[in-house]
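Note sheet for the following structure.
There are 2 protein chains.
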Amino acid sequence: MRRKVPFAVLLLSMLMDLLVPSSLLCLALHDLLQVAAFPDPAAGSLHKDAAFPIVKANTTALVESKDGTISVASAFAGHHEAVQDRDHKFLSKAVEEAYRGVECGDGGPFGAVVVRNDEIVVGCHNMVLKDTDPTAHAEVTAIREACKKLGKIELDDCEIYASCEPCPMCFGAIHLSRIKRLVYGAKAEAAIAIGFDDFIADALRGTGFYQKAHLEIKQADGNGAIIAEQIFEKTKEKFQMY
Amino acid sequence: MRRKVPFAVLLLSMLMDLLVPSSLLCLALHDLLQVAAFPDPAAGSLHKDAAFPIVKANTTALVESKDGTISVASAFAGHHEAVQDRDHKFLSKAVEEAYRGVECGDGGPFGAVVVRNDEIVVGCHNMVLKDTDPTAHAEVTAIREACKKLGKIELDDCEIYASCEPCPMCFGAIHLSRIKRLVYGAKAEAAIAIGFDDFIADALRGTGFYQKAHLEIKQADGNGAIIAEQIFEKTKEKFQMY
Numbered sequence: 001m002r003r004k005v006p007f008a009v010l011l012l013s014m015l016m017d018l019l020v021p022s023s024l025l026c027l028a029l030h031d032l033l034q035v036a037a038f039p040d041p042a043a044g045s046l047h048k049d050a051a052f053p054i055v056k057a058n059t060t061a062l063v064e065s066k067d068g069t070i071s072v073a074s075a076f077a078g079h080h081e082a083v084q085d086r087d088h089k090f091l092s093k094a095v096e097e098a099y100r101g102v103e104c105g106d107g108g109p110f111g112a113v114v115v116r117n118d119e120i121v122v123g124c125h126n127m128v129l130k131d132t133d134p135t136a137h138a139e140v141t142a143i144r145e146a147c148k149k150l151g152k153i154e155l156d157d158c159e160i161y162a163s164c165e166p167c168p169m170c171f172g173a174i175h176l177s178r179i180k181r182l183v184y185g186a187k188a189e190a191a192i193a194i195g196f197d198d199f200i201a202d203a204l205r206g207t208g209f210y211q212k213a214h215l216e217i218k219q220a221d222g223n224g225a226i227i228a229e230q231i232f233e234k235t236k237e238k239f240q241m242y
Numbered sequence: 001m002r003r004k005v006p007f008a009v010l011l012l013s014m015l016m017d018l019l020v021p022s023s024l025l026c027l028a029l030h031d032l033l034q035v036a037a038f039p040d041p042a043a044g045s046l047h048k049d050a051a052f053p054i055v056k057a058n059t060t061a062l063v064e065s066k067d068g069t070i071s072v073a074s075a076f077a078g079h080h081e082a083v084q085d086r087d088h089k090f091l092s093k094a095v096e097e098a099y100r101g102v103e104c105g106d107g108g109p110f111g112a113v114v115v116r117n118d119e120i121v122v123g124c125h126n127m128v129l130k131d132t133d134p135t136a137h138a139e140v141t142a143i144r145e146a147c148k149k150l151g152k153i154e155l156d157d158c159e160i161y162a163s164c165e166p167c168p169m170c171f172g173a174i175h176l177s178r179i180k181r182l183v184y185g186a187k188a189e190a191a192i193a194i195g196f197d198d199f200i201a202d203a204l205r206g207t208g209f210y211q212k213a214h215l216e217i218k219q220a221d222g223n224g225a226i227i228a229e230q231i232f233e234k235t236k237e238k239f240q241m242y
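Just so you know, the sequences run in chain order A and B. With UniProt numbering applied, the first sequence covers 1 to 242. With UniProt numbering applied, the second sequence covers 1 to 242.
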């Protein structure tokens, strides 16, 4: 969908292409506009709930807000390559972690890196076997370690790089930690092909095939549900919401 | 849907009702038939992927296999009440944990208990604030602690009782730990009503609304995806699959 754009906006876009090639500034603008708009069709799969529809025009991304006004998020000449290089650098660290985890015998071949302001906060790998902990996937471990290191439960100024598409548990953890950006390497199918649980594929696709028949699920009968629901009313003034 | 059932099967069912009222034996039969079939319509919501469709007839559950043969899983006289009492006992412990967590200031009002052979393995509450760890939900904490205590990563002989419907992260952890049965108290809406993240409601319903717009998701460009997918081929002989 192409839209007519005022000449002044296009001129501004071209000027910014010339004047501001810095990767960092691009990212800041990207944050400001809350939109990932890259010319590569393989890149930037934005979520279906995204607040802004995106109109692509060569290397310039035009962002239409809900009230119909159009602003411009220039992808800049060289911006795409800069983002790709940066992503490649951090993803490579996550891949290294995956290999390291297998070498150590700590768990499966998965790695994750949490990045803040272009610096690695933590790099972790799957620790399921080492820690006897089925929740110790690379992403969960990285989030736990990053929160501990930064002393906060919200990583909204951080990105996570994962060697593989995250499973529903890890994707839930990413959501809960408010991480702002996820870059992953392998598709779930690559892990599933060598025997890993196919529920990995459910998270990003919004499907629910992982609710397998071997699990019986039941809401408590009668009074059980009532006493459980009363908890919220009875405690809501007593704890810090997060 | 009622089906005609041979008289001998009904007689067997009635005889078992009379002779075997033990809750434990009922559970063993339940496991054998891989079916939760209780007369209470609020109970035993089996998953859509369940291998066997279920036909309910008063207190006797008839199980029709894929080849059309019909077997019988008697719910027994008193079996439903015994299961309900047992569930209520363990769910109450999870509810107690939820209150305890708030009193201690450890985190939100959520509790979970892992049960094995009618005994509580661990009872835990939300530790998000205490541990500065957004992944330390009650269920994840309980699974981690239970695995540590039992020295294994698979809890396939365990049940989990949760004071509230589990969020996608916790439900992923339950799936990964191979827990065989989940009983929960409050519906997600009760937590959402006092301000908790509405993504809680996604897990059991198989929806994906929790993929919020504030998260940008991207598969790595070009070579990034390739080196990440090579991990699996290169390591598959070197680690223990779990």
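For each residue, glycine too, the CB sits at the ideal point set by N, CA and C. Nothing here was measured: the structure is a model prediction, and the numbers come from that model.
Taking C-beta separations shorter than 7 Å and ignoring five residues to either side along the sequence, the partners of residue 225 of chain A in its chain run 219, following chain order.
The distance from the Cβ of residue 161 of chain A to that of residue 113 of chain A is about 5 Å, consistent with a contact at the 8 Å cut-off.
Here DSSP, grouped into helix, strand and coil, assigns residue 86 of chain B to helix. Residue pairing from DSSP leaves residue 176 of chain A without any beta-bridge partner. Chain-ordered listing is empty here: chain B has no CB closer than 9 Å to the CB of residue 125 of chain A, the nearest sitting near 11 Å. Unbroken beta strand (DSSP E) runs of no fewer than 3 residues, entirely contained in the UniProt domain "CMP/dCMP-type deaminase" (85–199) of chain B, are found at 111–116, 119–125, 158–164 and 181–186, following chain order.
The Cβ neighbour count for residue 211 of chain A, taken over all protein chains shown within 10 Å, is at least 16; the residue is labelled buried. Residues 143 and 155 of the same chain have their beta carbon placed closer than 6 Å to that of residue 177 of chain B, with the five preceding and five following residues left out of the count. A residue is called buried when at least 16 other Cβ atoms come within 10 angstroms of its Cβ; residue 205 of chain B does not meet this threshold and is exposed. Flagged as an interface residue toward chain B: residue 174 of chain A, by a C-beta distance shorter than 9 Å. Counting C-beta pairs closer than 8 Å gives three or more between the segment 123–130 of chain A and the segment 90–103 of chain A, which meets the contact rule. C-alpha of residue 130 of chain B to C-alpha of residue 91 of chain B: approximately 23 Å in a straight line.
Rounded to the nearest angstrom, the Cβ distance from residue 228 of chain B to residue 185 of chain A is 2 Å, consistent with a contact under 8 Å. When only Cα atoms are considered, residue 167 of chain B and residue 81 of chain A end up about 38 Å apart. Taking C-beta atoms under 8 Å as the contact rule, residue 163 of chain B and residue 199 of chain B fail to qualify, at a distance of about 18 Å.
Membership of residue 233 of chain A in the alpha helix (DSSP H) is indicated by the continuous run 222–235. With a threshold of 9 Å between beta carbons, residue 119 of chain A makes no contact with chain B. Taking all protein chains shown into account, residue 106 of chain A has 16 or more neighbouring C-beta atoms within 10 Å of its C-beta and is therefore buried. If you look at residue 219 of chain B, you'll find it in the beta strand (DSSP E) that goes 216–219. Counting along the chain, the unbroken alpha helix (DSSP H) around residue 203 of chain B starts and ends at 202–205. Here residue 169 of chain B is near residue 173 of chain A, since their CB atoms are less than 9 Å apart. Residue 133 of chain A and residue 151 of chain B have their C-alpha atoms some 9 Å from each other.
If you draw a straight line from the Cα of residue 188 of chain B to the Cα of residue 195 of chain B, it comes to about 11 Å.
Using a Cβ-Cβ cut-off of 9 Å, residue 78 of chain B does not count as an interface residue toward chain A, since no Cβ of chain A sits closer than that to its own.
Interface annotation, residue 114 of chain A: not in contact with chain B, CB-CB separation never under 9 Å.
Only residues of its own chain outside the window of five on either side were considered, and among them 121 and 122 have a CB closer than 7 Å to the CB of residue 149 of chain A, listed in chain order. Residues of chain A with a Cβ closer than 8 Å to the Cβ of residue 157 of chain B do not exist; the shortest Cβ-Cβ separation is about 12 Å. Between residue 141 of chain A and residue 140 of chain B, the C-beta spacing is not below 9 Å.
Between residue 208 of chain B and residue 207 of chain A, the C-beta spacing is below 9 Å. Contacts between residue 229 of chain A and chain B, judged by CB atoms closer than 8 Å, involve 185, 186, 187 and 190 in chain order.
With 16 or more other Cβ atoms from the protein chains shown falling within 10 Å of its own Cβ, residue 216 of chain A counts as buried. Look at residue 98 of chain B: its C-beta is under 9 Å from a C-beta on chain A. By the rule that beta-carbons nearer than 9 Å mark a contact, residue 122 of chain B does not touch chain A.
The closest CA to that of residue 137 of chain B, considering only B:193, B:147, B:171 and B:192, is found on B:171. Across the structure, residue 95 of chain A and residue 231 of chain B are spaced so that their CA atoms are roughly 7 Å apart.
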